[in-house]
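Colleague: Protein chains in written order, with our numbering: chain A, 56 to 507; chain B, 56 to 507. Take this structure first; my questions come after.
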């Protein structure tokens, strides 16, 4: 199978079907998976979406809502539905998905929706709404299966079947005591295999990996990926079982985090939607560019200090831009490696120190190599060995600056609790521009001009 | 819980314990999770690792191997163990993990290992070794649970218990016919709930999502994340069930892919280990820097065409570096957004066209905004309205070039089947450097110099 893309034919089929009666439309819709309909929705009018949702069986309709991208506002679609259909859909949704969708709405709309639905569901959703969206609490799902540590095989299996009524999948069964304090986990396999007289306490596995509800989602993702879990239980400070986070939710988190890393080190604010319109893009990027403009004036100020050498030896200007440009790219290399490494695993002081040391050496070697090439070029093209020396030293110096700032700045930011990725190339290249201009022009002034 | 980091105290405890006798060491090791021991291994000597593996119970020892990073060569550790221990560990490992580890070894070492182990395991691993590491086949695990479509409840449950003997977790049970052709899936819940006389064919769900063994891992990751699966079955061209890919393997793939994106758009070759030494880093980055050096000479060549205006109006040099620098950063912004978007979902022609159009508008607006600022600065600081006009036009023009190249080049590369991420900032900024220098100097020559 190939991952689904909206292509004209699918869109056309739906749109034609939308002109026909509900019966036809229903037949066409049957051929699409809920997640495919969610993607098609990105291109349909509000009233068409409403009509489709009303035609679809409730379980499919709720899957469509669960699959819709946040940026395509499932909440706004939900609120327009007639209250009865709306309540059916919400009661069908997993609590965490329902919460994400409802959280997009105004306070009064949220109340309106929650009043209509089953009280138990409503209170679970209210509880989830109270957690920060970017913590374990915001990610977790209170749909899980747990059995009492003192129940026997029969009781446990009955419980599992009862609780799994609305759940599609479950791997792990959580073991709790009478106060629903998390005690451990047990696999359904071991329950099935157990003798009838066995108690859960005899076969469960204690010391499960767990997270507190207020842990940030990046940390949850690191744990799940480090311990290769398919789900992780979420507890409060008293180890009371609140819910579980399943790996499919973590996948979305990891995609988010990686996207944020890439955007931020490229000087795009993390909340720009990849598929957003140009207005959003301007809003997210212009501030960074204006910062860059400010830093650009710094570089320009450096250059303006050295008018004489530019007039006397114009060639130095052209070379200066090479030195600064190379610095910028070398810094971006060091930055990307360091930022990515930090976001996959936290570095201790020793590792941080080694990283900076490594980037220093890399800058030295790469600087000397490129400095030699550009220097040799100057020797033969401009016939000036002294110019060659100037360029060799400037290039080497600037690539060392590049390595140190590219690795050092994100590490320092991390230490002081600022997101390392905001040390975007825009910030880093300021150092390498200024250093590149200064080294080239200062060395040229002292080694070339005064011997001119 | 916090994700585990090697810190001095843990390392010290292990090292002290290593000086003691096995009994002490065993007690200390008991306190660490397999994946933590795998991380500690990154800092231990070969003989210490061997000793620890020999002390650990086989199931823990094999988990440690499964958790070790490829870059820390678990294969080399495995081959040094005594054959018996080695075979125990391999037979305990999931087939896909065993395959990954063995695939690091020489042909003759692989044979030596496979001859020692159980014939059935050996042939499964040999089969997996035959797939490309980066395809579904290379990713899949042949440990799965499948039941015959004609079996009844009792037969099915017995099968499940038998097959799950060595498996920790399973969500989905695959339904096959006599020739092990994939027919569908069934949840263990529905089997438990079914009446004794029900046949699997009455309760299974057909049309499962599946992949062919030769599908590339990026595509598998897109499917799993799009359809929110926790596992996906892998089949051959005749729909024969070969294995399944679980979501925890996909998480590693997604981390790899994101890291590659970040590194490549930053001009670092994708195979640089984040924690590699400086020699590897130089090898992976120097080629890109030398390419950049070449492109740098292009920019320099442009500058050298305009010696007169630089001599006459030195200020233009300082401003020129601002224009080109801004272009570079604007291009990196457009590049990051476009590359990331492509790697999360394939764009059809219409979407691609819209993306380029969007980046054009963004470039126009951001260019005009920054052009206005720098232009006004020139008017007041240099008292030259004409210089202001030059800079306004140059900045606007260069940020349009930035948007078009940042979005257009990766999209074109994708169309012609080249990885879009190699359109690294190093390549893109060549356009914006040359355009920035040319626009600034050419406009200055024509609008300023000739009126000078």
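For each residue, glycine too, the CB sits at the ideal point set by N, CA and C. Quick caveat: nothing in here was measured; it's all calculated off a predicted structure.
Report the rounded CA-to-CA distance for residue 233 of chain B versus residue 175 of chain B, giving the unit in angstroms.
Modeller: Numbered from 1 along the second chain, position 178 holds the residue referred to as residue 233 of chain B. Numbered from 1 along the second chain, position 120 holds the residue referred to as residue 175 of chain B. Taking the straight line from one Cα to the other gives about 20 Å.
Colleague: So which of A/313, A/73 and A/251 has the shortest CA-CA distance to residue 102 of chain A?
Modeller: Here the question's residue 102 of chain A lines up with position 47 in the first chain. Minimum Cα distance to residue 102 of chain A is reached at A/73.
Colleague: Near residue 390 of chain B, which residues of its chain fall below 7 Å by C-beta distance, leaving aside the five closest residues on each side in sequence?
Modeller: Start at 1 with the first residue of the second chain, and residue 390 of chain B comes out as number 335. Same-chain partners within the cutoff: 320, 461, 465, 478, 480 and 483.
Colleague: Since residue 236 of chain A sits in a beta bridge, which residues does DSSP pair it with?
Modeller: Locating residue 236 of chain A in the first chain gives position 181, where the first residue counts as 1. Answer is A/295.
Colleague: Strictly under 7 Å for the Cβ-Cβ distance: is residue 128 of chain B near chain A by that measure?
Modeller: Translated into positions along the second chain, residue 128 of chain B becomes position 73. Not an interface residue.
Colleague: Tell me whether residue 271 of chain A sits in a helix, a strand or coil according to DSSP, three-state version.
Modeller: Within the first chain, the letter at position 216 stands for residue 271 of chain A. Three-state DSSP puts residue 271 of chain A in a strand.
Colleague: Please tell me whether residue 311 of chain A has its Cβ less than 7 Å away from any Cβ of chain B.
Modeller: Counting from 1 along the first chain, the entry for residue 311 of chain A is found at position 256. So, not an interface residue.
Colleague: Roughly how many whole angstroms lie between the Cα atoms of residue 204 of chain B and residue 244 of chain B?
Modeller: Start at 1 with the first residue of the second chain, and residue 204 of chain B comes out as number 149. Start at 1 with the first residue of the second chain, and residue 244 of chain B comes out as number 189. Each residue's Cα considered, the two are about 16 Å apart.
Colleague: Are the C-beta atoms of residue 22 of chain A and some chain B residue less than 7 Å apart?
Modeller: What is shown of chain A runs 56 to 507, which leaves residue 22 of chain A out entirely.
Colleague: Distance, Cα to Cα, residue 501 of chain B vs residue 439 of chain B?
Modeller: Within the second chain, residue 501 of chain B is the residue found at index 446, counting from 1. Within the second chain, residue 439 of chain B is the residue found at index 384, counting from 1. Roughly 15 Å between the two C-alpha positions.
Colleague: Closest by CA to residue 378 of chain A, which one among A/425, A/338 and A/337?
Modeller: One-based indexing of the first chain puts residue 378 of chain A at position 323. That would be A/425, whose Cα lies nearest to the Cα of residue 378 of chain A.
Colleague: Residues of chain B with a CB under 7 Å from the CB of residue 366 of chain A: which are they?
Modeller: Start at 1 with the first residue of the first chain, and residue 366 of chain A comes out as number 311. Within 7 Å Cβ-Cβ: 366 and 369.
Colleague: How close, in whole Å, do the beta carbons of residue 418 of chain B and residue 383 of chain B come, if the pair is a contact with beta carbons under 8 Å?
Modeller: Numbered from 1 along the second chain, position 363 holds the residue referred to as residue 418 of chain B. Numbered from 1 along the second chain, position 328 holds the residue referred to as residue 383 of chain B. In fact, because the Cβ distance is near 13 Å, the residues do not count as touching under 8 Å.
Colleague: Taking DSSP as the reference, what is the three-state secondary structure of residue 253 of chain B?
Modeller: The sequence position of residue 253 of chain B within the second chain is 198, counting from 1. Correct three-state label for residue 253 of chain B: coil.
Colleague: For residue 501 of chain B, decide whether its Cβ has a neighbour in chain A, counting only Cβ atoms nearer than 7 Å.
Modeller: What you label residue 501 of chain B is simply residue 446 of the second chain in a count that begins at 1. No, its Cβ sits nowhere closer than 7 Å to a Cβ of chain A.
Colleague: DSSP three-state call for residue 368 of chain B: helix, strand or coil?
Modeller: As a working note, residue 368 of chain B is residue 313 in the second chain. Note: residue 368 of chain B maps to coil in three-state DSSP.
Colleague: Below 8 Å on C-beta distance, what does residue 413 of chain A contact in chain B?
Modeller: As a working note, residue 413 of chain A is residue 358 in the first chain. Neighbours of residue 413 of chain A on chain B, chain order: 332, 333 and 336.
Colleague: Let me see if you follow: with CB-CB separation under 7 Å, is residue 496 of chain B close to chain A or not?
Modeller: Within the second chain, residue 496 of chain B is the residue found at index 441, counting from 1. It does not; no Cβ of chain A falls within 7 Å.
Colleague: Could you work out which residue in A/128, A/179 and A/86 is closest to residue 100 of chain A when comparing CA atoms only?
Modeller: What you label residue 100 of chain A is simply residue 45 of the first chain in a count that begins at 1. Comparing Cα-Cα distances from residue 100 of chain A to each of A/128, A/179 and A/86, the minimum goes to A/128.
Colleague: Just mark residue 91 of chain B as buried or exposed, buried being the case when its beta carbon has 16 or more other beta carbons within 10 Å.
Modeller: Within the second chain, numbered from 1, the residue matching residue 91 of chain B stands at position 36. Residue 91 of chain B should be labelled buried.
Colleague: Expressed to the nearest angstrom, what Euclidean distance is found between the alpha-carbon atoms of residue 163 of chain A and residue 185 of chain A?
Modeller: What you label residue 163 of chain A is simply residue 108 of the first chain in a count that begins at 1. What you label residue 185 of chain A is simply residue 130 of the first chain in a count that begins at 1. Computed Cα separation, rounded: 15 Å.
Colleague: Please classify residue 474 of chain A: does DSSP put it in a helix, a strand, or coil?
Modeller: Within the first chain, numbered from 1, the residue matching residue 474 of chain A stands at position 419. Coil.
Colleague: For residue 374 of chain B, return the contacting residues in chain A, with the cut-off set at a CB-CB distance below 7 Å.
Modeller: The sequence position of residue 374 of chain B within the second chain is 319, counting from 1. What residue 374 of chain B touches in chain A: 355.
Colleague: Run down chain B in chain order and give the residues with a C-beta less than 7 Å from the C-beta of residue 165 of chain A.
Modeller: Residue mapping note: residue 165 of chain A aligns to position 110 of the first chain, counting from 1. Per Cβ cutoff of 7 Å: no residues; residue 165 of chain A is ~25 Å from chain B at best.
Colleague: With residue 144 of chain A and residue 120 of chain A assumed to form a contact (beta carbons below 8 Å), what rounded beta-carbon distance in angstroms separates them?
Modeller: Sequence index remark: in the first chain, residue 144 of chain A carries index 89 (1-based). Sequence index remark: in the first chain, residue 120 of chain A carries index 65 (1-based). Correct: roughly 6 Å between the Cβ atoms.
Colleague: So with Cβ pairs under 7 Å, would you call residue 64 of chain B a contact of chain A?
Modeller: Within the second chain, numbered from 1, the residue matching residue 64 of chain B stands at position 9. Judged by the 7 Å Cβ criterion, residue 64 of chain B is not in contact with chain A.
Colleague: May I ask which residues mark the beginning and end of the beta strand (DSSP E) holding residue 138 of chain A?
Modeller: Here residue 138 of chain A is taken as the residue at index 83 of the first chain, counted from 1. From DSSP, residue 138 of chain A is part of no beta strand (DSSP E) but of the alpha helix (DSSP H) over 138–147.
Colleague: Is the segment 106–121 of chain A close to the segment 307–317 of chain A, with three or more CB pairs under 8 Å?
Modeller: In short, these stretches do not touch, since the Cβ pair count stays below three.
Colleague: Give a yes or no on whether the C-beta atoms belonging to residue 27 of chain A and residue 296 of chain A are separated by under 7 Å.
Modeller: The structure shown does not extend to residue 27 of chain A, since chain A spans only 56 to 507, so no value can be given for it.
Colleague: Would you mind working out which of B/375, B/219 and B/267 sits nearest residue 189 of chain B, comparing C-alpha positions?
Modeller: Taking the first residue of the second chain as position 1, residue 189 of chain B is located at position 134. Minimum Cα distance to residue 189 of chain B is reached at B/267.
Colleague: Just by C-beta distance, which residues in the segment 174–186 of chain A are closer than 7 Å to chain B?
Modeller: The residues in question: there are none.
Colleague: What in chain B is Cβ-close to residue 385 of chain A, meaning under 8 Å?
Modeller: Here residue 385 of chain A refers to the residue found at position 330 when the first chain is read from its first residue. In chain order: 340 and 344.
Colleague: For residue 429 of chain B, does the three-state DSSP call read helix, strand or coil?
Modeller: In the second chain, residue 429 of chain B corresponds to position 374, counting from 1. Helix at residue 429 of chain B.
Colleague: State the DSSP-derived secondary structure class of residue 445 of chain A, mapped to helix, strand or coil.
Modeller: Walking along the first chain from the start, residue 445 of chain A turns up at place 390. Here residue 445 of chain A sits in helix by DSSP.
Colleague: Can you grab the Cα-Cα spacing for the pair residue 307 of chain A / residue 272 of chain A, in whole Å?
Modeller: In the first chain, residue 307 of chain A corresponds to position 252, counting from 1. In the first chain, residue 272 of chain A corresponds to position 217, counting from 1. Whole-angstrom Cα-Cα distance: 11 Å.
Colleague: Could you check if residue 403 of chain B is buried or exposed, using at least 16 other CB atoms within 10 Å of its CB as the buried criterion?
Modeller: On the second chain, residue 403 of chain B is found 348 positions in, with the first residue counted as 1. The residue in question, residue 403 of chain B, is exposed, as its Cβ has fewer than 16 Cβ neighbours within 10 Å.
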